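**Student:** Quick one: the structure is below, and I'll ask about it shortly.
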Amino acid sequence: MNQHVLRQRAEHQFLHELDALAAQDQKTKPPQWKLSPQAVVTYLLGGKLDNGVEITPKYIGHRRLMEIAVATLATDRALLLLGVPGTAKSWVSEHLAAAISGDSSLLVQGTAGTSEEALRYGWNYAMLLAKGPSAEALVPSPMLNAMKDGKIARVEELTRIPADVQDTLITLLSEKTLPVPELGSDFQAIKGFNVIATANNRDKGVNELSSALKRRFNTVILPVPDNLEEEISIVQNRVASLGKVLELPDSPPAIEQIRRVVTVFRELRSGVTEDKKAQLKMPSGTLSTAEAISVMSNGWALASHFGDGLMTAHDVAAGLMGAVLKDPVQDRVPWQEYLETVMKERDGWKDLYRACKALD
Ligand SMILES: Nc1ncnc2c1ncn2[C@@H]1O[C@H](COP(=O)(O)OP(=O)(O)OP(=O)(O)O)[C@@H](O)[C@H]1O
Ligand SMILES: [Mg+2]
Numbered sequence: 001m002n003q004h005v006l007r008q009r010a011e012h013q014f015l016h017e018l019d020a021l022a023a024q025d026q027k028t029k030p031p032q033w034k035l036s037p038q039a040v041v042t043y044l045l046g047g048k049l050d051n052g053v054e055i056t057p058k059y060i061g062h063r064r065l066m067e068i069a070v071a072t073l074a075t076d077r078a079l080l081l082l083g084v085p086g087t088a089k090s091w092v093s094e095h096l097a098a099a100i101s102g103d104s105s106l107l108v109q110g111t112a113g114t115s116e117e118a119l120r121y122g123w124n125y126a127m128l129l130a131k132g133p134s135a136e137a138l139v140p141s142p143m144l145n146a147m148k149d150g151k152i153a154r155v156e157e158l159t160r161i162p163a164d165v166q167d168t169l170i171t172l173l174s175e176k177t178l179p180v181p182e183l184g185s186d187f188q189a190i191k192g193f194n195v196i197a198t199a200n201n202r203d204k205g206v207n208e209l210s211s212a213l214k215r216r217f218n219t220v221i222l223p224v225p226d227n228l229e230e231e232i233s234i235v236q237n238r239v240a241s242l243g244k245v246l247e248l249p250d251s252p253p254a255i256e257q258i259r260r261v262v263t264v265f266r267e268l269r270s271g272v273t274e275d276k277k278a279q280l281k282m283p284s285g286t287l288s289t290a291e292a293i294s295v296m297s298n299g300w301a302l303a304s305h306f307g308d309g310l311m312t313a314h315d316v317a318a319g320l321m322g323a324v325l326k327d328p329v330q331d332r333v334p335w336q337e338y339l340e341t342v343m344k345e346r347d348g349w350k351d352l353y354r355a356c357k358a359l360d
């Protein structure tokens, strides 16, 4: 494990937590699983173990959703995590794979250019030309590696993959077999193999899942955070741990700064103020929790490197404006309205109002 890696895989970053969970896990484990389903859920939601080890929460939200997701993976159905951008679909998928298989690296990124090879196998062409098709010349996809090792494979952004390529997954998921006609043989999945796919609500209609494929997945919808407090705690938690990884000096942003940014996001996202008194025009961007997290970590970096370490309204204003003004023309109207009717009038928000105005 290399300490200098910018972004450690979950199974490396949280190795001590996974080890501690495994050490005291008495419950039954499905074949090839590193942890029992209960321990996987504890890993995701956090908690204190009997041996005193603190498990940090990875997902903040409903326990039941995570129980359904984990239980699905213990059956012969695959798991589809669906939701609007920034609702932790990729994040949860990585942690599930890390906790269940100890390996979150078997990943296929879905794009319009994803080919069947990325889901099946390719060939080492030099070897193929020299010796013809052979087991050695075959280059397995992450999916095939997961089948061979009985692990979880991940498919990111499933609905961006062209429909005919998606259909490759049908046989794979129902027969748990990958035929290799060139060799006259096939690969049969080892117990423990399963698939987690993620898809974005916003891509709906791009390449709809065929109903045959849909039937092979259990869908879990990850919601946007229920309320202000929950969203604040997600942002606080993630900003603190990102800052640690990036080795940002000084202490993480004050909760009051986080509260204001998250409030702006929630109000503009829903088109109504938190007290439900005023309707607002909504900007075109998604204003996801993930973006609130980056506004805060940018602000923290600004304060640390160019300020006195204490985050001010000045440090969050630019990030905030960038997140709202996704379309510089269209989004100006809702932003201006928000500045003048909400921010300006709110107690204790004058500094933020002034900092945003100064950038305008
Ligand atoms: N409920 C939550 N609990 C913990 N972290 C969350 C939650 N919601 C969002 N996050 C954080 O938001 C960030 C972005 O999440 P992620 O990239 O997984 O989103 P996504 O749903 O895959 O978005 P996209 O559709 O854009 O791919 C992660 O750092 C994650 O920790
Ligand atoms: Mg994602």
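full-length UniProt numbering puts the first residue of the sequence shown at 1, with every later residue one more than the last. By construction, the Cβ of each residue, glycine as well, lies at the ideal position given by its N, Cα and C atoms. Just so you know, these numbers come straight off a predicted model, no measurement behind them.
#1: Taking the straight line between their C-alpha atoms, what separation do you get for residue 139 and residue 230?
#2: Jot down the residue ranges of each uninterrupted beta strand (DSSP E) in the region 11 to 98, minimum 3 residues, whole runs only, in chain order.
#3: List in chain order the residues whose CB is within less than 5 angstroms of at least one heavy atom of ligand 1.
#4: Quick one: does the C-beta of residue 94 sit closer than 7 angstroms to a heavy atom of ligand 3?
#5: Going by Cα to Cα distance, which pick from 317, 335, 331, 340 is closest to residue 359?
#6: Alpha carbons only, please: which of 41, 90, 194, 156 is nearest the one belonging to residue 177?
#7: Grab me the residues of residue 225's own chain with a C-beta within less than 8 angstroms of its C-beta, minus the 5 sequence neighbours each way, in chain order.
#8: Between the Cα of residue 68 and the Cα atoms of 187, 54, 44, which residue gives the shortest distance?
#9: Quick one, which of 36, 10, 73 has its alpha-carbon nearest residue 197's?
#10: Could you tell me the distance, in whole angstroms, from the CA atom of residue 207 to the CA atom of residue 169?
#11: Roughly how many angstroms separate the alpha carbons of residue 21 and residue 357, rounded to a whole number?
#12: Return the chain-ordered list of same chain residues with a C-beta closer than 7 angstroms to the C-beta of residue 261, the five sequence neighbours on each side being excluded.
#13: Determine which residues share a DSSP beta bridge with residue 185 and list them.
#14: Taking the straight line between their C-alpha atoms, what separation do you get for residue 334 and residue 282?
#15: Does any heavy atom of ligand 2 sit closer than 7 angstroms to the C-beta of residue 198?
#16: Between residue 361 and residue 162, what straight-line distance do the alpha-carbon atoms span, to the nearest angstrom?
#17: Please give the ranges of any beta strand (DSSP E) in the region 129 to 203, keeping only runs that are unbroken, at least 3 residues long and fully inside the region.
#18: Run through the region 249 to 332 for me and flag every whole beta strand (DSSP E) of 3 or more residues, listed as ranges in chain order.
#19: Given this structure, state the Cα-to-Cα distance separating residue 5 from residue 105, to the nearest angstrom.
#20: Any idea if residue 341 is buried or exposed, counting beta-carbon neighbours within 10 angstroms, 16 or more meaning buried?
#21: Is the distance from the Cβ of residue 249 to the Cβ of residue 240 below 8 angstroms?
#22: Just to confirm, does residue 156 get its C-beta within under 7 angstroms of one of the non-hydrogen atoms of ligand 2?
#23: Quick check on the DSSP output: the alpha helix (DSSP H) that includes residue 110 runs from which residue to which?
#24: State buried or exposed for residue 245, treating a residue as buried only when at least 16 other CB atoms are found within 10 Å of its CB.
#25: Using the DSSP secondary-structure output, state which residues sit across from residue 335 in a beta bridge.
#26: Within 10 angstroms of the Cβ of residue 254, are there 16 or more other Cβ atoms? Answer buried if so, exposed if not.
#27: Assign residue 329 to one of two classes, buried (16 or more other C-beta atoms within 10 Å of its C-beta) or exposed (fewer than that).
#28: Please state the DSSP three-state secondary structure of residue 220.
#29: Helix, strand or coil: how does DSSP classify residue 348 here?
#30: Going by C-alpha to C-alpha distance, which of 257, 30, 305, 326 sits closest to residue 350?
#31: In angstroms, rounded to a whole number, what distance separates the CA positions of residue 115 and residue 158?
#32: Which same chain residues, not among the five before or five after residue 202, have their C-beta less than 8 angstroms away from its C-beta?
#33: Measuring CA to CA, which of 95, 189, 109 is closest to residue 18?
#34: Determine the direct distance from the alpha carbon of residue 312 to that of residue 275, and round the result to whole angstroms.
#35: I'd like the list of long-range same chain contacts for residue 141, defined as Cβ closer than 8 angstroms, with 5 residues on each side in sequence excluded.
**Tutor:** Let me spell this out:
#1: 45 angstroms
#2: 78 to 83
#3: 59, 60, 61, 85, 86, 87, 88, 89, 90, 91, 200, 234, 238, 289, 290
#4: No copy of ligand 3 appears in this structure; the ligands present are ligand 1 and ligand 2.
#5: 317
#6: 194
#7: 60, 61, 231, 234, 289
#8: 44
#9: 73
#10: 14 angstroms
#11: 50 angstroms
#12: 292, 295, 296, 316, 320
#13: 180
#14: 6 angstroms
#15: yes
#16: Missing from the structure shown is residue 361; the chain here goes from 1 to 360 and no further.
#17: 138 to 140, 152 to 156, 177 to 180, 185 to 188, 194 to 200
#18: none
#19: 15 angstroms
#20: exposed
#21: no
#22: yes
#23: Run containing residue 110: none; DSSP gives neither H nor E here.
#24: exposed
#25: Note: residue 335 sits in no beta bridge, so no partner.
#26: exposed
#27: exposed
#28: strand
#29: coil
#30: 257
#31: 12 angstroms
#32: 84, 85, 286
#33: 95
#34: 25 angstroms
#35: 108, 117, 118, 119, 120, 121, 122
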